[in-house]
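Below is one structure, written out as structure tokens; comments come after it.
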Amino acid sequence: MQRAIIHVDMDAFYASVEQHDHPELADRAVIVGGTGKRGVVAAANYAARRLGVHSAMPMARARRLAPKAHYCRPRMNRYREVSRQVFAIFERYTPLVEGLSVDEAFLDVTGSLRLFGSREHIGAAIRDDILTSTGLHASVGMAHNKFLAKLASDADKPQGFVSVPQDAVRRFLDPMPIGRLWGIGKKTEPRLRAQGLLTIGQLRQADPALLASLLGSRAGHFLSLARGIDEREVEARRADKSISHESTFANNLHDARQLRAELLRLTEAVMRRVREQQLMARTVTIKVRDYRFHTVTRSLSLRAASDATKTVYQVASGLLDTWLSKHGNTPVRLLGVGVSKLSPAAGQGSQVDGSLDEITARFGTRKLTRGLAMDAGKKDDTERG
Ligand SMILES: [Mg+2]
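Below, the structure is given as structure tokens:
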């Protein structure tokens, strides 16, 4: 059965929230971003974009281009609050919601068609519900797969509403620049362009041998996308899920310093996954199993959700210290850390953690324990959640 996929993307989200909360900004160019020396633009409304300002641009450059714009710092808590309202609307229509960021999600509404009508009915209802409950505009794309739905939501922004019928896929895709194909990077694009492949249609019709020489093993992937084929499923993230790592020691540990180092290593692993999935965590849990197989778990909630390793580690090590203060030198057989009460993260998370994640992705996880090295012998690590 053909699927019905909707991609919803809020228009200039942070800047629109600011305008909505401050009606006096209604006709102004609004730029949200860091105000420090090295600040960058996090969001610019359409009036600011017409002046050439776009996100990720250094603020200093934005100020030169748009000296009269209204500048403000991001209020992430407020954006998350609005985001929760928007996601609650999505869930009225389907449980299959895959959040990509605070202001963007895929919805698989295949199972909702009988109840609500066509995907266009559902898309329009969602757009209207968002406007009614938040006062903000969203762009909506509808198609039979994720790739097309995402391109559709972007095709007529802001306040876009684009549905791509199966028999219009080529007409929709062919004129688009090849850069729109998922996974075409900054290195690949110029090489394709140099061969005269500027549009998706040109790539679709190109000589297979040429594509193979330019794209190697990825040629088939890009050719499928160019034909509008994308089998990826919408992956719903359940709100009650948790992410945890635990480690069973080859030799029981009782040294507090070693246990803390191990705890940090586990926390790093957990939080890296939290950030990869663009989430924030509210509740931190540790699990300690002693040499007699007595297992305890201890939890504590943060005041505000976080995606920072340091914040979560502080809570986890506090919980561990409390356990240690009561159990002294009891040998520990297994240690675990988990986070729950997960919510979608807003925009850029912790910069330190972000760059560490990048290093880890490139060099593997072993080197990275923030200066606290330890020799825990052979371990049995388990990934959960
Ligand atoms: Mg957006």
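Numbering of the sequence shown is given in the numbering used here, commencing with residue 21 and proceeding in unit increments.
Cβ atoms here follow ideal geometry from the backbone N, Cα and C, with glycine treated the same way.
These figures come from a predicted structure and were not determined experimentally.
Rounded separation between G53 and H164 - CA only:
When only Cα atoms are considered, G53 and H164 end up about 36 Å apart.
So with Cβ pairs under 8 Å, would you call A256 a contact of chain B?
Considering every chain present, this structure includes no chain B. It has just one protein chain.
Cβ-Cβ distance between I25 and F126 below 8 Å:
yes
Considering only their Cβ atoms, is the gap separating L193 from I220 smaller than 8 Å?
yes
Does ligand 1 have a heavy atom nearer than 7 Å to the CB of M30?
M30 Cβ: within cutoff of ligand 1.
Using 7 Å as the cut-off, classify the Cβ of D123 as near or not near the heavy atoms of ligand 2, replying yes or no.
With respect to ligand 2, the structure shown offers nothing to examine, as its ligands consist of ligand 1.
With contact counted as at least three CB pairs below 8 Å, one residue from each stretch, are the stretch 174-186 and the stretch 39-50 in contact?
no
Are at least three pairs of beta-carbons, each pair with one atom in the stretch 249-257 and one in the stretch 113-126, less than 8 Å apart?
yes
Does ligand 1 have even one heavy atom less than 7 Å from the beta-carbon of F406?
Lying before the first or after the last residue shown, residue 406 is absent from the chain, which here runs from 21 to 405.
Have a look at L218, S321, R69 and flag the residue whose alpha-carbon is nearest the alpha-carbon of I422.
The structure shown does not extend to residue 422, since the chain spans only 21 to 405, so no value can be given for it.
Is any heavy atom in ligand 1 found nearer than 7 Å to the beta carbon of F33?
yes
Taking the CB atoms as reference points, tell me whether R104 and T55 lie closer together than 8 Å.
no
Rounded straight-line distance, which links the Cα of G356 to that of L339:
One C-alpha to the other measures close to 12 Å.
Do P78 and V60 have their CB atoms nearer than 8 Å?
yes
Range of the contiguous beta strand (DSSP E) that encloses V182
181-183
Note down, in chain order, each residue of its chain lying with its Cβ closer than 7 Å to the Cβ of S319, except the 5 sequence neighbours on either side.
T303, V304, T305
Element boundaries [beta strand (DSSP E), containing D408]
Summary: the structure shown does not reach residue 408, with the chain confined to residues 21 through 405, and so no result is reported for it.
Go ahead and pull the three-state DSSP assignment for H265.
strand
Go to S103, then tell me how far its alpha helix (DSSP H) extends in each direction, as first and last residue.
96-113
Could you please give me the residues that DSSP links to T315 through a beta bridge?
R309
Is the stretch 239-248 in contact with the stretch 200-207, if contact means three or more CB pairs nearer than 8 Å?
yes
Does the stretch 264-277 come close enough to the stretch 138-153 that 3 or more CB-CB pairs lie under 8 Å?
no
I think T152 touches V102, with their Cβ atoms under 8 Å apart; what is that distance to the nearest whole Å?
Between T152 and V102 a beta carbon distance of about 13 Å is seen, past the 8 Å cut, so the two are scored as non-contacting.
With H, G and I counted as helix, E and B as strand and the rest as coil, what does DSSP make of S36?
The answer is helix: DSSP assigns S36 an H, G or I state.
Helix, strand or coil for G384 per DSSP?
With a pLDDT of only 44 at G384, under the threshold of 50, the placement of this residue in the model should not be trusted; the figure read from the coordinates follows. It is coil, neither helix nor strand.
Using a 10 Å radius around the Cβ and a threshold of 16 neighbouring Cβ atoms, would you call H90 buried or exposed?
Counting Cβ neighbours within 10 Å, H90 comes out buried, since at least 16 surround it.
If you draw a straight line from the C-alpha of M394 to the C-alpha of A270, how long is it?
Confidence at M394 is low in this model, with a pLDDT of 34, below 50, so the placement of that residue should be treated as unreliable; the coordinate-derived value is given next. If I take the Cα positions, the gap works out to 14 Å.
Distance, A276 Cα to R70 Cα
58 Å
Taking only the alpha-carbon atoms, compute the straight-line gap between V50 and R81 and give it to the nearest angstrom.
15 Å
On the DSSP letters alone, give me the boundaries of the beta strand (DSSP E) that L354 sits inside.
352-360
In terms of residue numbering, what span does the beta strand (DSSP E) encompassing D341 cover?
Per DSSP, D341 belongs to no beta strand (DSSP E); it is in the alpha helix (DSSP H), 329-347.
So for R119, helix, strand or coil by DSSP?
Here residue 119 turns out to be Gly, not Arg, going by the sequence shown. DSSP places G119 in strand when its eight states are reduced to three.
What did DSSP end up calling S363 once you bin it into helix, strand or coil?
strand
Report the start-end ranges of each alpha helix (DSSP H) in the stretch 117-155 that is 4 residues or longer and not cut off at the edges.
For the alpha helix (DSSP H) assignment, the uninterrupted runs of no fewer than 4 residues enclosed by the stretch 117-155 are, from N- to C-terminal side, 133-136, 139-154.
Where the beta strand (DSSP E) through I51 begins and ends:
That run of the beta strand (DSSP E) goes 50-53.
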